[in-house]
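Undergrad:
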Amino acid sequence: MKRAKVEEVPRLEKGRFKIAVVGPENAGKSTLVNALMGRAVAEVSEVPGTTKSVSGYHWSDRDIPLYVFDTVGLADERGRRSKRGVTAEDVVERLGSYDLALFVVDVTRPIGPEALRALHVIKHAADLETLLVANKIDLLDEEELEERLEEIRRRTGHRPIPVSALKGDGVERLLREIEERVRRKRRVVASAPR
42 MKRAKVEEVP RLEKGRFKIA VVGPENAGKS TLVNALMGRA VAEVSEVPGT TKSVSGYHWS
102 DRDIPLYVFD TVGLADERGR RSKRGVTAED VVERLGSYDL ALFVVDVTRP IGPEALRALH
162 VIKHAADLET LLVANKIDLL DEEELEERLE EIRRRTGHRP IPVSALKGDG VERLLREIEE
222 RVRRKRRVVA SAPR
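Now the structure itself:
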């Protein structure tokens, strides 16, 4: 995979496609941002709440220039919040200016009530197109992975895109899905009456 041209976003330029990377704490959001960028730009840690604020990166190595935003994690699978964890409403409040959400879940753990609520709220309140990313697939064997992916499909109504952000598995497929969404949205915007 080609290394991305990345720079932290000082200010947003109009017309750029904006992607929010959201999901529970420790699902691997920052690791996924790094995988998408092709290098370490976001701080990564096993400690919940490492990402303390939204960080944006300008990404322009492919055909379509994008902004990718790493966000603060949702409450844990029991609905509890760390000092920095946010609620579904917190997330949606900030999603109005984005074009696409990558909702990242840890495939090795059950999807908690706050994550399910956030997915529902993103779809119905923010009306934001969402790709569900099932991360950490490298930690499961093939049979366990298929069972977990099916459970995620059943519980969320989304077809998860399996990736290992740490190892890079599935990231190219995710990039293609993102590019397809960007192209589709651009076609819709271009054909809209002025």
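What the sequence shown shows, in my numbering, is residues 42 to 235, in sequence order. Don't be surprised by glycine CBs; every beta carbon is placed ideally from N, CA and C. Quick caveat, the model's predicted, so the values are computed rather than measured.
1. Ignoring anything shorter than 3 residues, give me the beta strand (DSSP E) runs that lie fully in the stretch 130–212, in order along the chain.
2. Hey, could you find the ends of the beta strand (DSSP E) Leu107 is sitting in?
3. Thinking C-alpha only, which one of Asp210, Leu115 and His165 is nearest Val146?
4. Is Arg200 buried or exposed, if buried means 16 or more other CB atoms sit within 10 Å of its CB?
5. Any contact of the stretch 178–191 with the stretch 160–167, i.e. 3+ C-beta pairs under 8 Å?
6. Have a look at Arg225 and Glu185 and give me their C-alpha separation to the nearest angstrom.
7. Rounding to the nearest angstrom, what Cα-Cα distance links Ile60 and Leu73 in this structure?
8. Looking only at its own chain, which residues have a Cβ that is under 8 Å from the Cβ of Thr197, when we skip the five neighbours before and after it?
9. Using only the alpha-carbon positions, how far apart do Ser138 and Arg222 sit?
TA: Looking at the coordinates:
1. 141–147 and 171–176
2. Looking at the DSSP string, the run of the beta strand (DSSP E) that includes Leu107 is Leu107 to Asp111.
3. Leu115
4. Classification of Arg200: exposed, given that the 10 Å Cβ count is below 16.
5. no
6. The alpha-carbon separation between Arg225 and Glu185 amounts to approximately 34 Å.
7. Rounded to whole angstroms, the gap between the alpha carbons of Ile60 and Leu73 is 12 Å.
8. Ile152, Leu157, Leu160 and Leu173
9. 16 Å
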